[in-house]
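Working notes for the structure below.
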Amino acid sequence: MSSVISDTANASQQKLDFMNLLITEMQNQNPLEPMDNQQMAAQLAQFSQLEQSELMNTNLQTINETIGKLNTSFAGAMIVAQYEFAKSLLGQEVTFMTGTDGMTLQGRAEAMHFENNQPVLDVRVTTQTDDGTTESVVSVSLDQIVEIAS
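Numbering (this note's numbering), first residue to last: 1 to 150.
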(Lines of atoms letter the chains of each structure in order from A; the text may use other names.)
(Lines give C-alpha, C1' and ligand atoms only; values in the text may rest on other atoms or scores of the structure.)
Protein backbone atom coordinates (compact mmCIF):
# COMPACT_ATOMS: atom_id res chain seq x y z
CA MET A 1 0.00 0.00 0.00
CA SER A 2 2.83 2.42 0.82
CA SER A 3 4.36 1.80 -2.62
CA VAL A 4 1.06 2.82 -4.23
CA ILE A 5 1.01 6.05 -2.20
CA SER A 6 4.66 6.66 -3.09
CA ASP A 7 3.96 6.03 -6.80
CA THR A 8 0.97 8.38 -6.68
CA ALA A 9 3.03 11.09 -4.98
CA ASN A 10 5.82 10.55 -7.52
CA ALA A 11 3.35 10.84 -10.43
CA SER A 12 1.90 14.03 -8.94
CA GLN A 13 5.40 15.49 -8.57
CA GLN A 14 6.21 14.60 -12.18
CA LYS A 15 3.03 16.32 -13.37
CA LEU A 16 3.91 19.41 -11.39
CA ASP A 17 7.47 19.37 -12.77
CA PHE A 18 6.17 19.04 -16.32
CA MET A 19 3.69 21.89 -15.90
CA ASN A 20 6.42 24.11 -14.42
CA LEU A 21 8.71 23.27 -17.34
CA LEU A 22 5.93 23.98 -19.86
CA ILE A 23 5.12 27.34 -18.26
CA THR A 24 8.83 28.25 -18.17
CA GLU A 25 9.18 27.34 -21.86
CA MET A 26 6.16 29.44 -22.80
CA GLN A 27 7.35 32.42 -20.74
CA ASN A 28 10.82 32.31 -22.28
CA GLN A 29 9.96 31.61 -25.88
CA ASN A 30 10.63 34.13 -28.60
CA PRO A 31 7.32 35.80 -29.57
CA LEU A 32 8.55 36.01 -33.15
CA GLU A 33 9.25 32.25 -33.20
CA PRO A 34 6.68 30.57 -30.93
CA MET A 35 6.93 26.90 -29.99
CA ASP A 36 5.84 24.54 -32.72
CA ASN A 37 2.31 23.21 -32.02
CA GLN A 38 3.31 19.72 -33.16
CA GLN A 39 6.28 19.71 -30.80
CA MET A 40 4.05 20.81 -27.92
CA ALA A 41 1.45 18.15 -28.78
CA ALA A 42 4.21 15.51 -28.91
CA GLN A 43 5.43 16.51 -25.44
CA LEU A 44 1.88 16.34 -24.07
CA ALA A 45 1.40 12.91 -25.66
CA GLN A 46 4.66 11.65 -24.12
CA PHE A 47 3.58 12.91 -20.73
CA SER A 48 0.18 11.24 -21.12
CA GLN A 49 1.86 7.94 -22.06
CA LEU A 50 4.12 8.15 -19.02
CA GLU A 51 1.14 8.80 -16.77
CA GLN A 52 -0.77 5.83 -18.26
CA SER A 53 2.26 3.56 -17.82
CA GLU A 54 2.57 4.54 -14.16
CA LEU A 55 -1.15 3.98 -13.62
CA MET A 56 -0.93 0.55 -15.26
CA ASN A 57 2.08 -0.33 -13.09
CA THR A 58 0.17 0.69 -9.96
CA ASN A 59 -2.84 -1.38 -11.05
CA LEU A 60 -0.64 -4.42 -11.71
CA GLN A 61 0.94 -4.09 -8.26
CA THR A 62 -2.53 -3.95 -6.70
CA ILE A 63 -3.61 -7.03 -8.66
CA ASN A 64 -0.48 -8.94 -7.55
CA GLU A 65 -1.11 -8.03 -3.91
CA THR A 66 -4.75 -9.11 -4.19
CA ILE A 67 -3.80 -12.43 -5.81
CA GLY A 68 -1.27 -13.04 -3.03
CA LYS A 69 -3.95 -12.44 -0.40
CA LEU A 70 -6.39 -14.74 -2.23
CA ASN A 71 -3.78 -17.50 -2.46
CA THR A 72 -3.12 -17.24 1.26
CA SER A 73 -6.81 -17.31 2.17
CA PHE A 74 -7.49 -20.16 -0.30
CA ALA A 75 -4.67 -22.25 1.19
CA GLY A 76 -6.07 -21.60 4.66
CA ALA A 77 -9.56 -22.61 3.53
CA MET A 78 -8.17 -25.83 2.02
CA ILE A 79 -6.45 -26.76 5.29
CA VAL A 80 -9.68 -26.14 7.21
CA ALA A 81 -11.67 -28.23 4.69
CA GLN A 82 -9.16 -31.10 4.94
CA TYR A 83 -9.27 -30.91 8.74
CA GLU A 84 -13.09 -31.01 8.75
CA PHE A 85 -13.11 -33.95 6.33
CA ALA A 86 -10.57 -35.89 8.41
CA LYS A 87 -12.54 -35.12 11.56
CA SER A 88 -15.73 -36.45 9.93
CA LEU A 89 -13.96 -39.77 9.26
CA LEU A 90 -13.20 -40.45 12.93
CA GLY A 91 -15.03 -43.61 14.02
CA GLN A 92 -15.68 -44.62 10.39
CA GLU A 93 -14.47 -47.73 8.58
CA VAL A 94 -12.13 -46.67 5.78
CA THR A 95 -10.39 -48.54 3.00
CA PHE A 96 -7.00 -47.17 2.04
CA MET A 97 -4.12 -47.84 -0.34
CA THR A 98 -1.00 -49.18 1.36
CA GLY A 99 1.43 -48.20 -1.38
CA THR A 100 1.91 -48.08 -5.11
CA ASP A 101 1.21 -51.82 -5.53
CA GLY A 102 -2.58 -51.31 -5.40
CA MET A 103 -3.03 -53.30 -2.19
CA THR A 104 -5.69 -51.97 0.19
CA LEU A 105 -6.46 -52.42 3.86
CA GLN A 106 -9.53 -51.59 5.88
CA GLY A 107 -9.82 -50.31 9.41
CA ARG A 108 -11.48 -47.87 11.77
CA ALA A 109 -10.20 -44.28 11.99
CA GLU A 110 -9.54 -43.71 15.68
CA ALA A 111 -7.54 -40.50 15.92
CA MET A 112 -6.09 -37.70 13.87
CA HIS A 113 -2.79 -35.83 13.94
CA PHE A 114 -0.88 -33.53 11.60
CA GLU A 115 2.21 -34.30 9.54
CA ASN A 116 3.68 -31.53 7.37
CA ASN A 117 0.60 -29.39 8.04
CA GLN A 118 -1.68 -32.11 6.63
CA PRO A 119 -4.24 -34.11 8.63
CA VAL A 120 -3.36 -37.80 8.99
CA LEU A 121 -5.68 -40.45 10.40
CA ASP A 122 -4.60 -43.18 12.82
CA VAL A 123 -6.47 -46.24 11.54
CA ARG A 124 -6.72 -49.45 13.60
CA VAL A 125 -6.30 -52.40 11.25
CA THR A 126 -7.06 -56.01 12.17
CA THR A 127 -5.34 -58.65 10.06
CA GLN A 128 -5.67 -62.42 10.07
CA THR A 129 -2.45 -64.40 9.95
CA ASP A 130 -1.61 -68.07 10.41
CA ASP A 131 -0.68 -67.22 14.00
CA GLY A 132 -4.02 -65.55 14.71
CA THR A 133 -5.36 -62.02 14.70
CA THR A 134 -3.10 -58.99 14.96
CA GLU A 135 -4.04 -55.38 15.41
CA SER A 136 -1.95 -52.41 14.44
CA VAL A 137 -2.43 -48.68 14.07
CA VAL A 138 -1.45 -47.24 10.70
CA SER A 139 -1.02 -43.56 9.81
CA VAL A 140 -3.10 -42.83 6.71
CA SER A 141 -3.10 -39.59 4.75
CA LEU A 142 -6.36 -38.42 3.19
CA ASP A 143 -5.15 -39.06 -0.34
CA GLN A 144 -4.66 -42.76 0.48
CA ILE A 145 -8.35 -43.28 1.30
CA VAL A 146 -10.27 -44.99 -1.49
CA GLU A 147 -13.56 -45.85 0.24
CA ILE A 148 -15.57 -44.94 3.31
CA ALA A 149 -17.99 -47.55 4.66
CA SER A 150 -21.46 -46.19 5.27
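Backbone N, C-alpha and C define an ideal beta-carbon position, used for all residues, glycine too.
Just so we're clear, the structure is a prediction, and the values are computed from it rather than from any experiment.
At a Cβ-Cβ threshold of 8 Å, valine 120 and serine 139 count as neighbours. Cβ neighbours of glycine 107 within its own chain (closer than 6 Å, five residues either side excluded): Val123, Arg124, Val125. For leucine 89 against phenylalanine 96, the beta-carbon gap comes to about 10 Å, at or over 8 Å, which does not count as contact. Distance from the Cα of histidine 113 is smallest, within the candidate group Gln27, Gln14, Glu84, Ala149, for Glu84. By the Cβ-count criterion, glutamine 144 is buried, with 16 or more other Cβ atoms from all chains shown falling within 10 Å of its own Cβ. DSSP places alanine 41 inside the alpha helix (DSSP H), whose first and last residues are 37-89. Aspartate 122 carries a strand assignment under DSSP once its states are collapsed to helix, strand and coil. Rounded to the nearest angstrom, the Cβ distance from leucine 44 to glutamine 82 is 57 Å, too far for a contact under 8 Å.
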